[in-house]
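When you read off a place in the sequence shown, starting at 1, and then add 18, the result is the number in the UniProt record's numbering.
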Amino acid sequence: RRIGVALVGLGYYAAELLAPALQLTRHCRLAGLVSGTPAKLGEWQRKYGIADANLYSYDDFHRIADNDEIDVVYIATPNHVHRSLAEIAARAGKHVWCEKPMAMDAAEGEAMIKACRDNRVQLAVGYRMQHEPNTRRFMAMAKERPFGRIVKLRADAGWFGWRDGADDAWRLDPARGGGAMYDMGVYCINAARYCTGMEPLAVQAWDETARRELFKGVDETMRFRLEFPEDIVAECVTSFGRNLNTLQVDCERGWYTMSPFQGYDGNRGRASDGTVFEPQLGKLPRMQAEQMDNDAQSIIAGTAPRVPGEEGLRDLRVVDAAFASAKADGKRVEIARG
Ligand code: NAD
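Okay, here's the thing in structure tokens:
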């Protein structure tokens, strides 16, 4: 049987990527919808043929517990409500797939992991890159070390937004998890961790927001430096003011690089020995389909998901420390350990 997925938050990512990707999966089906906008529910219901009984508002979302057609709740809302929605889903006995960043801070991430553990449901984070073949290659190279010791890493992730003046989107609102660090910085952190196979010890961060009139209280641009064991350093930039999408790993006897390293169409890379990493997944939204099929198979097999809640939590510990450092003008802040 296919795993029944209910999408929560019918915004950009759910509409443009997740719902189309669900049509390409082999192990999932779009079974339910959760939205605060009745008109959207009607529109989506017609488009995807969803039964009346499988439509929910945020007020009656907890009733999903009684719905046997829904196995998983996929949270694709603004970041400040990831935690509460994950807890409702877990209490309803539904597995949780949650978009990145997993939550607002490490304490919330821990609460989500506990709720899912207590209710014996799986928790997977939507870090789609970890389902992408070239990224899997780079992750393996963290162990193989084909060019010797890793010396330095560079990870830059950003996109240019809000060209036309003021905008009240949640990505500009500190209370709703706005800012570049939450949105794109977590890709840099995750990549630095999966390329080294290590956990960072400390961080220094600098808020380099240029358009302060637009980015009130959130970071437009954050530059940060992660210290890893073995004297490995990762230099990162995340921004809503620049298009950035490059990962570079410098080693004792060579280098490898990927650009883009978090593209929807798959990643492209090369190495100093002439190796070329061509995109392998084909057209979008193949990557999201791959991710959901892998996570569905973990549910079917009763095995841990490839990107469990702990992966999101480890990144949130780095985010917490980076925000503390940026507030203290780049002071070195040690990263909490689990
Ligand atoms: P969006 O604003 O387009 O969509 C969010 C949806 O959630 C909207 O339909 C909104 O109405 C709804 N919503 C539910 N509760 C809400 C609340 N309390 N306040 C405001 N809106 C509420 O945003 P998006 O770009 O689709 O991003 C959603 C999530 O997906 C974010 O966590 C984001 O980081 C993540 N995302 C991930 C990727 C990826 O590549 N993995 C890409 C884009 C977005």
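Glycine residues also receive a C-beta, built at the ideal position from the N, C-alpha and C atoms.
Might you give, ordered along the chain, the residues of its own chain that have their beta carbon closer than 8 Å to the beta carbon of residue i, omitting 5 neighbours on each side?
{"i": "Asn-72", "result": "Ala-24, Ala-49, Gly-50, Leu-51, Asn-85, Glu-87 and Ile-88"}
{"i": "Arg-47", "result": "Arg-20, Ile-21, Gly-22, Val-23 and Leu-40"}
Bridge partners of residue i, per DSSP?
{"i": "Trp-224", "result": "Arg-241"}
{"i": "Asn-208", "result": "Per DSSP, none; premise fails for Asn-208."}
{"i": "Leu-73", "result": "Leu-51"}
{"i": "Ser-257", "result": "Gly-176 and Thr-239"}
{"i": "Gly-272", "result": "Cys-269"}
{"i": "Arg-288", "result": "Thr-275 and Val-294"}
{"i": "Gly-22", "result": "Arg-47"}
{"i": "Val-351", "result": "Val-221"}
{"i": "Tyr-92", "result": "Leu-25 and Trp-115"}
With burial defined as no fewer than 16 other Cβ atoms inside 10 Å of the residue's Cβ, what is the status of residue i: buried or exposed?
{"i": "Asn-97", "result": "buried"}
{"i": "Gly-292", "result": "exposed"}
{"i": "Asp-338", "result": "buried"}
{"i": "His-80", "result": "exposed"}
{"i": "Gly-67", "result": "exposed"}
{"i": "Tyr-30", "result": "exposed"}
{"i": "Glu-352", "result": "exposed"}
{"i": "Gly-320", "result": "exposed"}
{"i": "Lys-112", "result": "buried"}
{"i": "Glu-296", "result": "exposed"}
{"i": "Asn-152", "result": "buried"}
{"i": "Pro-218", "result": "buried"}
{"i": "Thr-214", "result": "buried"}
{"i": "Ile-318", "result": "exposed"}
{"i": "Glu-329", "result": "buried"}
I'd like to confirm something about residue i: is its beta-carbon nearer than 6 Å to some heavy atom of ligand 3, or not?
{"i": "Thr-256", "result": "With respect to ligand 3, the structure shown offers nothing to examine, as its ligands consist of ligand 1."}
Using C-beta distances below 7 Å, list every residue in its chain close to residue i, excluding the 5 sequence neighbours before and after it, in chain order.
{"i": "Met-305", "result": "Arg-146, His-149, Glu-150, Tyr-282, Gly-284 and Leu-299"}
{"i": "Asp-225", "result": "Asp-237, Met-240 and Ala-344"}
{"i": "Glu-126", "result": "Arg-101"}
{"i": "Lys-58", "result": "Leu-28"}
{"i": "Leu-334", "result": "Pro-119, Met-120, Ala-121, Asp-123, Ala-124 and Gly-127"}
{"i": "Gly-54", "result": "Ser-75 and Tyr-76"}
With a CB to CB cut of under 6 Å and the five nearest residues on each side skipped, what residues in its chain are close to residue i?
{"i": "Phe-233", "result": "Thr-227"}
{"i": "Thr-43", "result": "Ala-307, Met-310 and Asp-311"}
{"i": "Ala-142", "result": "Trp-115, Asp-313, Pro-323 and Val-325"}
{"i": "Ala-32", "result": "Leu-25 and Ala-94"}
{"i": "Tyr-200", "result": "Asn-97 and Pro-119"}
{"i": "Met-276", "result": "Leu-265, Asn-285 and Gly-287"}
{"i": "Glu-253", "result": "Arg-172 and Arg-243"}
Quick one: does the C-beta of residue i sit closer than 6 Å to a heavy atom of ligand 1?
{"i": "Gly-271", "result": "First, the amino acid is wrong: residue 271 is Arg here, not Gly. No, the Cβ of Arg-271 stays beyond 6 Å of every heavy atom of ligand 1."}
{"i": "Asn-97", "result": "yes"}
{"i": "Gly-111", "result": "no"}
{"i": "Arg-64", "result": "no"}
{"i": "Leu-28", "result": "yes"}
{"i": "Glu-34", "result": "no"}
{"i": "Arg-146", "result": "yes"}
{"i": "Tyr-212", "result": "no"}
One question on the structure: do residue i and residue j come within less than 7 Å of each other, judged by their Cβ atoms?
{"i": "Arg-167", "j": "Glu-270", "result": "yes"}
{"i": "Leu-244", "j": "Val-221", "result": "yes"}
{"i": "Ala-198", "j": "Thr-264", "result": "no"}
{"i": "Tyr-212", "j": "Met-157", "result": "yes"}
{"i": "Gly-327", "j": "Ile-131", "result": "yes"}
{"i": "Lys-170", "j": "Val-251", "result": "yes"}
{"i": "Ala-108", "j": "Ala-133", "result": "yes"}
{"i": "Gly-196", "j": "Leu-262", "result": "no"}
{"i": "Gly-144", "j": "Glu-105", "result": "no"}
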